[in-house]
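Last residue of the sequence shown: number 306 in our numbering, and the count goes up by one each step with no gaps.
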Amino acid sequence: MIHPTPSPRSPRRATVKKSARGPRPETQTPTTPRPSTRTSTPSITALREEAAHCRACPLYKNATQTVFGAGRATARIVFVGEQPGDREDLAGKPFVGPAGQLLDRALERAGVDRAATYVTNAVKHFKFEPRGKRRIHKKPNEQEVSICSHQWLDQELHAIEPELIVALGATAARAVFGKATAIGKNRGHIISKPTLGTDIAADVLVTVHPSYLLRVPDEDRAAAFEQFVDDLKLARKYAPADS
Ligand code: URA
């Protein structure tokens, strides 16, 4: 078994097509995408087993388990979220809690079969703050996102080689592009094979994180959901529900 190196790495930089550029990256380290350091690509099953022992950052200490990606290892679409939530941490599976149920409803409406896709997160351990008996979600910081996405997301993408990556929210977009990427400006269109944080070629669709929809005011929620569904419809041509 190959254990991950627990040393933080420098954040990746990516060049996004001009039309799709978000705000200026927060770091000014111009590099080409980091190539995989492996000589062969491990399978998703091998990566999942390896990731179960991940100690690359301190988040493993309080989490129940690593929540690795799930779905079809030959998927044409990979969805990337932020990090597992409370329910996912307990179940060991991504997007099974309230945000996942909302994602499922939106995918069904958009005509995308989740079972034909692969769903994962930028960060593989639940980060939270205990409050009484509750565990309150805490956003992963830049270093945690950078370490975890280099360690695991890059390898998942190499193993699957999807045609489309859907970044759900800002943390996912940061992990996919390797730099801060505005959601409002970049959502809702296919970005054709931008340079990513890792050296694979795939189209990218940026949209909101489903948990954002759980937080919008009641009067705006239906419209926000429709917009999310419209974004996801763009993924349909990569893997229609009847494929
Ligand atoms: N939010 C995420 O980003 N990922 C999950 O798996 C669940 C909630």
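We put the beta carbon where it would ideally sit given N, CA and C, even for glycine.
Check: Please output, in chain order, the residues near the ligand URA using a CB cut-off of less than 5 Å to any non-hydrogen atom of the ligand.; Outcome: G144, E145, P147, G148, E151, P157, F158, A162, N184
Check: How big is the Cα-Cα spacing for A178 and R168?; Outcome: 13 Å
Check: So I223 and A302 are supposed to be a Cβ contact under 8 Å. How far apart are they, rounded?; Outcome: Wrong, their Cβ atoms sit about 12 Å apart, outside the cutoff.
Check: Do P161 and V182 come within 8 Å of each other at the CB atom, strictly closer than that value?; Outcome: no
Check: Leaving out the 5 sequence neighbours to the left and right, which residues in its chain are closer than 6 Å to A238 when beta-carbon positions are compared?; Outcome: A185, V208, S212, L216
Check: In the DSSP assignment, what are the bridge partners of R198?; Outcome: P193
Check: Is DSSP giving T234 helix, strand or coil here?; Outcome: helix
Check: Measuring only the C-alpha atoms, how far is E89 from F240?; Outcome: For E89, the predicted model reports a pLDDT of 33, less than 50, meaning its position is unreliable and no value from the coordinates is stated.
Check: Determine the burial state of T108: buried for a count of at least 16 other Cβ atoms within 10 Å of its Cβ, exposed for fewer.; Outcome: exposed
Check: Could you pull out every unbroken alpha helix (DSSP H) segment of at least 4 residues lying fully inside the segment 199-263, listed in chain order?; Outcome: 205-211, 217-223, 233-240, 246-249
Check: Helix, strand or coil: how does DSSP classify F291 here?; Outcome: helix
Check: CB K300 to CB A173, shorter than 8 Å?; Outcome: no
Check: Taking only the alpha-carbon atoms, compute the straight-line gap between P105 and A115 and give it to the nearest angstrom.; Outcome: 15 Å
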